[in-house]
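K.L.:
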Amino acid sequence: MGNHPHTRATLGSKLSAVLVTAGSSVGLGNIWRFPYVAGDNGGGAFLVLYILCVLLLGLPLMIAEFSVGRATRLNAVGAFRSLDRRWSFLGYNGVLAAFLILGFYFVVSGWTAEYLVGSLSGALARCTSSAEYAEMFETFIHNPWRPVLYTTLFVLATHFVIAKGVRNGIERSAKLLMPVLFVILVVLAVHSLTMPGGGAGLRFFFRPDFSKVTPSTILVALGQAFFSLSIGIGIMVTYASYFGRETNLRHTALNVTLIDTLVAILSGVVIFPAVFSAGIEPASGPSLVFITLPSIFRDMPLSMVWSSIFFLLLVIAALTSTISLHEVVTAYLHEEWHLNRRAATWATTGATAVLGALASLSLGVLRDWTVCGLNLFDSLDFLTANIMLPAGGFFTCLFVGWRLDRAVLRREITNDGTLRFRIFGAFLFLLRYVLPVILLAIFLDNLGLF
Ligand code: PFF
167 MGNHPHTRAT LGSKLSAVLV TAGSSVGLGN IWRFPYVAGD NGGGAFLVLY
217 ILCVLLLGLP LMIAEFSVGR ATRLNAVGAF RSLDRRWSFL GYNGVLAAFL
267 ILGFYFVVSG WTAEYLVGSL SGALARCTSS AEYAEMFETF IHNPWRPVLY
317 TTLFVLATHF VIAKGVRNGI ERSAKLLMPV LFVILVVLAV HSLTMPGGGA
367 GLRFFFRPDF SKVTPSTILV ALGQAFFSLS IGIGIMVTYA SYFGRETNLR
417 HTALNVTLID TLVAILSGVV IFPAVFSAGI EPASGPSLVF ITLPSIFRDM
467 PLSMVWSSIF FLLLVIAALT STISLHEVVT AYLHEEWHLN RRAATWATTG
517 ATAVLGALAS LSLGVLRDWT VCGLNLFDSL DFLTANIMLP AGGFFTCLFV
567 GWRLDRAVLR REITNDGTLR FRIFGAFLFL LRYVLPVILL AIFLDNLGLF
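Each residue of the sequence shown is one higher than the one before, starting from 167 at the first, in our numbering.
This is the structure:
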């Protein structure tokens, strides 16, 4: 087993731990998925459920994953294996899920890069109606080479950061990109709020509509919370393995959850007033960002500027998330397969570039390659988000709640007894009983068994 604690990188400060982890959590899930899901599931009512899920369920699980990572200072597979060999499957589930998520996440990230270039060059402003934007999007994603080119560019950008290592690559990029992301988001939100007719958008997003809340809404909220926080997949285990001894795991997890939620809410504030002010019906996920928004930007004064900074925001959000997914696989290959870090980085880059290209082509020329009726792109999405992530979260709760030595857990959470944690019993109760039951329910619901 590859255990190199003495040569292992450590993040420079507590703030870096927050920024790096928030970089993973804040992603496309916050900016395009959250506003739409919230809008569709009762607006303000969903928001309340979502915040409850994040704080009561997501936060404890993040702390649990952090504890495993920092206690072992190993990659996801090594971490579980060193604690109990029989649980290494949990690490493998994470590494494999990270690899498969990269397969489709790189493709969507590539689209954001293409739209950024299109905004800067003015190409995006040339369409005249929503129908033309829809056609442009369809033509682009079905094209055999352009999306593959942008996917590959995105893979290489991620590679470049990972190749520089934990300190000079991951930490530095997060310190630079996260503040930029936040500033862009605030500028866009203020701009959106000043648009005429935008109030209707805010009402749509925030007004609690309890008629849309059904028992399965809580499951939708939890699924969104886990995806958005990047938990259940070994990312938090891997990142926490780089935390210093002085890092307060609870504070870090709380800060990251708050930042992630704030970004999700601000994204709704950016998107809905704009959509309503243009008199457009809020449409679903990808089409909202890639079809509806460009056509809204087109009619704004300084349209090129707004559209460019919006797609820059998406590129940054996507990049800090692809970096974390790449690192999970790279750290595994480096430590478990004994490849040097350079070779491990290239192996991950090469394999994900091939998978990403195939996933991209599966929307066009390879659309006839299907697994259970889904093309490759959709099957990667389905398999990871609906099966591997909830399963990872479920078994992580069981592992940390029942198997992990309590003294180890307490030591990590209290930094060797120097911090107080009065509700340790309640925390353990959540991990042992509450979370597994709810996660099992999500899982069965996702499989359509309810
Ligand atoms: N949390 C990121 C987002 O919200 O887009 C992306 C993500 C990373 C999702 C890792 C899932 C995951 F396992």
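All residues carry an ideal CB built from backbone N, CA and C; glycine is no exception.
Which of helix, strand or coil does DSSP assign to Asn541?
P.N.:
strand
K.L.:
Grab me the residues of Ile350's own chain with a C-beta within less than 7 Å of its C-beta, minus the 5 sequence neighbours each way, in chain order.
P.N.:
Taken in chain order, the residues that qualify are Ile475, Leu478, Leu479.
K.L.:
Who pairs with Thr629 in a beta bridge, going by DSSP?
P.N.:
Examination of residue 629 is not possible in this model, given that the chain is present from 167 through 616 alone.
K.L.:
Of the residues Trp512, Tyr408, Ala525, which one's Cα is nearest the Cα of Ala175?
P.N.:
Selected option, being the one with the closest Cα: Tyr408.
K.L.:
Over the uninterrupted alpha helix (DSSP H) stretch that includes Asn259, give me the two end residues.
P.N.:
First-last of the alpha helix (DSSP H) with Asn259: 254-287.
K.L.:
Which of the three DSSP states, helix, strand or coil, is assigned to Pro374?
P.N.:
Looking at Pro374 - three-state DSSP - the assignment turns out to be strand.
K.L.:
Have a look at Ala483 and Tyr405 and give me their C-alpha separation to the nearest angstrom.
P.N.:
Whole-angstrom Cα-Cα distance: 17 Å.
K.L.:
In its own chain, which residues sit with a C-beta less than 8 Å from the C-beta of Pro362, not counting the 5 before and 5 after it?
P.N.:
Cβ neighbours of Pro362 beyond the five flanking positions: Ser443.
K.L.:
Tell me where the alpha helix (DSSP H) around Val120 begins and ends.
P.N.:
Because the chain is modelled from 167 through 616, residue 120 falls outside the range shown and cannot be assessed.
K.L.:
Classify Tyr520: buried if its beta carbon has 16 or more other beta carbons within 10 angstroms, exposed otherwise.
P.N.:
Residue 520 is actually Val in this sequence, not Tyr. Exposed, by the Cβ-count rule.
K.L.:
What's the gap between the Cα of Asn169 and the Cα of Asp375?
P.N.:
Confidence in Asn169 is poor, its pLDDT being 47 and thus under 50, which makes the residue's placement unreliable; the coordinate value appears in the next sentence. Those two C-alpha atoms are separated by around 52 Å.
K.L.:
DSSP has Gly209 in a bridge; who is on the other side?
P.N.:
Pro374
K.L.:
Go ahead and pull the three-state DSSP assignment for Trp125.
P.N.:
As shown, the chain starts at 167 and ends at 616. That puts residue 125 outside it, with no answer to give.
K.L.:
Taking the alpha-carbon of Ala366 as reference, which of Thr238, Val214, Phe438 has the nearest alpha-carbon?
P.N.:
The candidate whose alpha carbon is nearest that of Ala366 is Phe438.
K.L.:
Could you name the residues of the same chain whose beta carbon sits closer than 7 Å to that of Ser394, not counting the 5 residues immediately before and after it, in chain order?
P.N.:
The answer, listed in chain order, is Ser191, Gly195, Asn196, Phe200, Asp426, Ala430.
K.L.:
Could I get the ranges of all uninterrupted alpha helix (DSSP H) runs contained in the stretch 448-488, with 4 residues as the minimum, in chain order?
P.N.:
Taking only runs of at least 4 residues, the alpha helix (DSSP H) segments lying wholly in the stretch 448-488 are 459-464.
K.L.:
Please report the straight-line C-alpha distance between Ala391 and Arg507, rounded to a whole angstrom.
P.N.:
When only Cα atoms are considered, Ala391 and Arg507 end up about 32 Å apart.
K.L.:
By Cβ distance, which residues of its chain are closer than 7 Å to Asp250, with the 5 residues on each side in sequence left out?
P.N.:
Arg569
K.L.:
Could you compute how far the alpha carbon of Ser469 sits from the alpha carbon of Ala387?
P.N.:
In a straight line, the C-alpha of Ser469 is about 34 Å away from that of Ala387.
K.L.:
Check whether the Cβ of Gly193 sits closer than 8 Å to any heavy atom of the ligand PFF, and report yes or no.
P.N.:
yes
K.L.:
Helix, strand or coil, according to DSSP, for Ser295 in the structure here?
P.N.:
coil
K.L.:
DSSP three-state call for Asp611: helix, strand or coil?
P.N.:
Of the three classes helix, strand and coil, the one that applies to Asp611 here is helix, per DSSP.
K.L.:
Helix, strand or coil: how does DSSP classify Gly400 here?
P.N.:
In the structure shown, Gly400 sits in coil (DSSP, three-state: anything other than H, G, I, E or B).
K.L.:
Using only the alpha-carbon positions, how far apart do Glu501 and Thr458 sit?
P.N.:
Roughly 45 Å between the two C-alpha positions.
K.L.:
Rounded to the nearest angstrom, what separates Leu266 and Ala211 at their Cα positions?
P.N.:
Rounded to the nearest angstrom, the two C-alpha atoms are 33 Å apart.
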